[in-house]
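If you read the sequence shown in UniProt numbering, its first letter stands for residue 1, the second for the next number, and so on.
To keep things clear, I will list the structure first and then write my remarks on it.
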Amino acid sequence: MRERIVGAAAEILRTEGSAGVTTRAVAERAGVQAPTIYRLFGDKDGLLDAVAEHAMALFSASKTSALTSAPASTDPVGELREAWGETVRFGLDNADLYVILSDPRRGRDSPALANGVRALEERVRRVAAAGLLRVAEARAVALIHAAGTGAILSLLEQPIGERDPELATTLLDAVLDRILIEQEESAAEEMPAAHRAAAITLRAVTDDLTALSVPERALLAEWLDRIIDSH
Numbered sequence: 001m002r003e004r005i006v007g008a009a010a011e012i013l014r015t016e017g018s019a020g021v022t023t024r025a026v027a028e029r030a031g032v033q034a035p036t037i038y039r040l041f042g043d044k045d046g047l048l049d050a051v052a053e054h055a056m057a058l059f060s061a062s063k064t065s066a067l068t069s070a071p072a073s074t075d076p077v078g079e080l081r082e083a084w085g086e087t088v089r090f091g092l093d094n095a096d097l098y099v100i101l102s103d104p105r106r107g108r109d110s111p112a113l114a115n116g117v118r119a120l121e122e123r124v125r126r127v128a129a130a131g132l133l134r135v136a137e138a139r140a141v142a143l144i145h146a147a148g149t150g151a152i153l154s155l156l157e158q159p160i161g162e163r164d165p166e167l168a169t170t171l172l173d174a175v176l177d178r179i180l181i182e183q184e185e186s187a188a189e190e191m192p193a194a195h196r197a198a199a200i201t202l203r204a205v206t207d208d209l210t211a212l213s214v215p216e217r218a219l220l221a222e223w224l225d226r227i228i229d230s231h
């Protein structure tokens with residue numbers, strides 16, 4: 001019954017927006033009594049949260065599946081760009097859902113959003129493992145996530161016909177310019193940057209160094225974090 005109600009609310013949300021998701025309308029669409037909705041979801045906000053969580057869970061699951069099933073990539077940056085584009089399209093195609101999820105009061109406890117961030121963390125880890133990251137992984141994830149959220153919300157504020165199709169890509173390019181190592185950079189020219197990049201690369205695969213014991217890996221991780229944070 002819960003799934004039927006969520007599905008009915010999601011359909012109304014897609015066609016009529018959040019204003020159309022009333023308890024009466026959802027109850028009629030789902031074929032249930034209004035008290036059932038209150039019992040399961042508390043109020044309209046609780047129902048909208050459940051709808052948004054369901055949609056985001058499906059999207060996050062598809063991203064996670066793509067990560068786990070794909071072989072090791074020779075172009076982790078290209079895959080990061082592709083995932084960014086998919087996320088932007090999802091946000092623009094599901095405007096009301098995305099606005100709900102982007103509310104910090106709602107999103108902070110969302111398992112689906114947390115899974116999405118973990119997928120981003122894995123993509124950034126692959127970039128770091130390829131020796132292409134110049135900043136700490138956590139900083140890169142935070143910058144990409146903030147830029148993506150800002151790009152989507154900014155575009156949603158504009159009428160569809162007036163949206164800049166290059167805005168999201170331009171923002172991503174700006175972030176990548178900040179966090180990635182340029183191919184032409186020379187270790188001889190920027191030794192501190194080269195040292196930090198090497199530390200970031202090794203830090204990304206520390207957990208995979210099974211030749212070291214768990215305490216040794218923890219100690220190595222601590223040392224590498226110090227190097228990363230010192231530059």
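For each residue, glycine too, the CB sits at the ideal point set by N, CA and C.
None of the values given here were measured: they were computed from a predicted structure.
Can you give me the C-alpha to C-alpha distance between residue i and residue j, rounded to a whole angstrom?
i, j, result
"N94", "A55", "9 Å"
"A27", "R105", "26 Å"
"A147", "R139", "12 Å"
"I200", "T36", "52 Å"
"E157", "V99", "10 Å"
"W223", "D208", "16 Å"
"A128", "A8", "43 Å"
"A187", "G131", "Residue confidence is low: A187 scores 41 on pLDDT, short of 50, so the model does not pin down where it sits. No coordinate-derived value is stated."
"A204", "G46", "39 Å"
"S213", "A221", "12 Å"
"D229", "H145", "21 Å"
"E16", "D164", "25 Å"
"R226", "P215", "17 Å"
"T210", "T149", "37 Å"
"G161", "S62", "29 Å"
"L219", "A174", "34 Å"
"E166", "P159", "15 Å"
"residue 270", "A114", "There is no way to answer for residue 270, as the model of the chain reaches only from 1 to 231."
"A198", "S110", "34 Å"
"A66", "G78", "14 Å"
"F90", "A25", "25 Å"
Should residue i and residue j be called a contact, given that it needs their Cβ atoms to be closer than 9 Å?
i, j, result
"L153", "I179", "no"
"E137", "R118", "no"
"T206", "R217", "yes"
"S18", "D103", "no"
"R4", "G31", "yes"
"V88", "L48", "no"
"A112", "A57", "yes"
Would residue i be called buried (16 or more neighbouring beta carbons within 10 Å of its own) or exposed?
i, result
"V6", "buried"
"P76", "buried"
"T68", "exposed"
"L80", "buried"
"E189", "A caution first: E189 carries a pLDDT of 44, below 50, which makes its placement in the model unreliable, though a value can still be read off. By the 10 Å Cβ count, E189 comes out exposed."
Return the residue from the list the options that minimises the CA-CA distance to residue i.
i, options, result
"D177", "L133, V205, G17, A10", "L133"
"T170", "S69, L155, T74", "L155"
"A151", "A168, A34, P159", "A168"
"E86", "R108, A10, G116, S110", "G116"
"A34", "L220, A221, R2, A114", "R2"
"V135", "E182, G78, T23, P111", "E182"
On the premise that residue j lies in contact with residue i, defined as a C-beta separation below 8 Å, what is that separation, rounded to the nearest angstrom?
i, j, result
"I12", "R39", "About 19 Å separates the two Cβ atoms, so there is no contact after all."
"V141", "L120", "6 Å"
"L101", "A52", "5 Å"
"F41", "A50", "6 Å"
"R123", "A83", "6 Å"
"K44", "T23", "6 Å"
Between residue i and the ligand ADP, is there a pair consisting of the residue's CB and a ligand heavy atom that are separated by less than 8 Å?
i, result
"E82", "Among the components modelled here there is no ligand, and therefore nothing to report on the ligand ADP."
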